[in-house]
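K.L.:
In this note's numbering, the protein residues as written are 109 to 467.
Written out as structure tokens, the structure reads:
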């Protein structure tokens with residue numbers, strides 16, 4: 109069969125099949141945005157902090173997402189099992205926030221499409237204790253009241269997509285830590301604070317990006333080390349105490365900020381391996397390089413033996429780890445040392461001294 113006949117056969121077959129009996133009408137396509145992802149709800153003092161990623165597609169996997177807004181509903185219940193479901197939750201809850209994505213966020217990556225809201229919480233008072241001396245049956249462990257959240261994406265035609273749920277316990281948070289103390293050296297900034305009674309751990313926040321803690325898991329000790337030392341750049345830190353309710357972390361409010369601007373007052377180490385070799389009318393020096401990231405160079409010092417006073421042969425730091433003293437006088441014994449200098453003009457200690465007599 110030729111290619112032309114094959115093409116004719118295919119066209120005829122498709123046409124005949126297409127002229128068959130009509131089936132029942134199909135339901136109109138209802139496009140709704142997919143659910144939000146990476147939803148988290150955290151207790152932070154008297155607030156709940158919610159973060160989630162906007163959907164980038166629809167429930168049928170088509171793109172871009174037909175998304176006009178995100179509705180966030182909240183409802184406080186005595187027990188999670190008592191919470192209504194689906195549309196009943198929406199009717200019973202309060203809409204506490206609406207997130208309207210910007211056009212660029214609808215097609216952005218996960219990091220750019222991250223949204224966040226905060227909800228002020230009311231914590232009901234604890235139940236009264238039993239009267240002393242009155243016998244009573246051992247009560248069951250009371251359920252912890254919770255604040256439940258439903259995050260719902262909505263299409264341009266006001267159709268709701270799948271909801272995503274989260275909750276936080278409604279209990280008193282631990283007290284906030286007092287303001288931290290901050291110290292630093294050339295390698296790290298150390299943040300410390302007083303321990304909080306009853307706390308299971310601690311979180312530390314950089315106030316410049318306080319959306320999430322700097323530590324990946326609650327710290328057991330009331331101290332944190334930050335290796336991002338940049339001289340002249342201010343860093344501010346806040347700490348929170350963490351307790352757990354049924355495995356769910358509850359954070360205190362944040363402590364007052366503790367700030368520091370590191371200054372480079374740290375001298376580089378002394379050079380090692382200094383050696384001197386005499387030549388005709390000169391003395392050559394060589395030494396090991398100093399491993400300092402902010403090294404500006406080296407100063408070469410010289411004096412006559414016994415070397416009580418050394419003077420700089422190089423008025424400005426030199427980059428090389430070698431130097432030729434062409435001003436040495438024949439028959440004179442000289443004492444040499446080398447000093448490392450950093451870009452902040454911090455001068456390190458002298459190297460071990462060497463002696464050599466010019467020829």
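Quick reminder that beta carbons are idealized off the backbone N, C-alpha and C, glycines included. If you're wondering where the values come from, they're calculated on a predicted model, not measured in any experiment.
(1) Check whether the Cβ atoms of residue 408 and residue 444 lie closer than 9 Å to each other.
(2) Between the region 251-261 and the region 193-213, do at least 3 Cβ pairs fall closer than 8 Å?
(3) Which word fits residue 459, buried or exposed, when buried means at least 16 other C-beta atoms lie within 10 angstroms of its C-beta?
(4) Figure out for me which residue from 359, 367, 348 and 355 has the closest Cα to the Cα of residue 340.
(5) Put residue 411 into one of helix, strand or coil per three-state DSSP.
(6) Starting from residue 179, trace the beta strand (DSSP E) in both directions and tell me its first and last residue.
(7) Give the range of the alpha helix (DSSP H) segment to which residue 334 is assigned.
(8) Would you check if there are 3 or more beta carbon pairs closer than 8 Å linking the region 310-327 to the region 344-358?
(9) Is residue 165 helix, strand or coil by DSSP?
(10) Straight-line CA distance for residue 447 to residue 411?
(11) So, using beta-carbon positions, are residue 462 and residue 425 closer together than 9 Å?
(12) Examine the Cβ distances between the region 299-308 and the region 268-278 and report whether three or more of them are shorter than 8 Å.
(13) For residue 459, does the three-state DSSP call read helix, strand or coil?
(14) Smallest Cα separation from residue 287: which of 301, 145 and 453?
(15) Just to confirm the assignment: which complete beta strand (DSSP E) runs, minimum length 3, are found wholly within the region 348-416?
(16) Assuming the contact rule is C-beta atoms closer than 8 Å, residue 403 and residue 376 should be a hit. Round their C-beta distance to whole Å, please.
(17) I need the DSSP call for residue 317, collapsed to helix, strand or coil.
(18) What are the boundary residues of the beta strand (DSSP E) that residue 150 is part of?
(19) To the nearest angstrom, how far is the alpha carbon of residue 167 from that of residue 197?
(20) Below 8 Å on the Cβ atoms is my contact criterion, and I expect residue 252 with residue 153 to pass it. Report the Cβ-Cβ distance as a whole number of Å.
(21) Out of curiosity, what's the CA-to-CA distance linking residue 182 and residue 295?
(22) Taking 8 Å as the cut-off, does the CB of residue 407 come closer than this to any heavy atom belonging to the ligand PLP?
(23) Figure out for me which residue from 270, 432, 440 and 150 has the closest Cα to the Cα of residue 281.
(24) Give me the residue from 164, 356, 363 and 185 with the minimum Cα distance to residue 315.
(25) Roughly how many angstroms separate the alpha carbons of residue 369 and residue 342, rounded to a whole number?
(26) Do residue 333 and residue 298 have their CB atoms nearer than 9 Å?
(27) What are the boundary residues of the beta strand (DSSP E) that includes residue 450?
(28) For residue 195, does the three-state DSSP call read helix, strand or coil?
(29) Looking only at its own chain, which residues have a Cβ that is under 8 Å from the Cβ of residue 206, when we skip the five neighbours before and after it?
(30) Whose C-beta lies closer than 7 Å to the C-beta of residue 428 among residues of the same chain, with five residues either side of it excluded?
P.N.:
Here's the rundown:
(1) Contact: yes.
(2) yes
(3) buried
(4) Residue 367 is the option with its Cα nearest to residue 340.
(5) Correct three-state label for residue 411: strand.
(6) 177-185
(7) Looking at the DSSP string, residue 334 is not in any alpha helix (DSSP H); the run it does join, the beta strand (DSSP E), is 331-334.
(8) yes
(9) Here residue 165 sits in coil by DSSP.
(10) 14 Å
(11) no
(12) no
(13) coil
(14) 301
(15) The region 348-416 contains these whole beta strand (DSSP E) runs: 356-359, 366-368, 383-387, 390-394 and 403-412.
(16) About 6 Å separates the beta carbons of residue 403 and residue 376, which is inside the 8 Å limit, making them a contact pair.
(17) helix
(18) 145-152
(19) Roughly 21 Å separates the two Cα atoms.
(20) Not confirmed; about 18 Å, so no contact.
(21) 46 Å
(22) By its list of ligands, the structure shown contains no ligand whatsoever, and the ligand PLP lies outside what it can speak to.
(23) 150
(24) Of 164, 356, 363 and 185, the residue nearest in Cα terms is 363.
(25) 4 Å
(26) yes
(27) 441-450
(28) helix
(29) 177, 178, 179 and 180
(30) Cβ neighbours of residue 428 beyond the five flanking positions: none.
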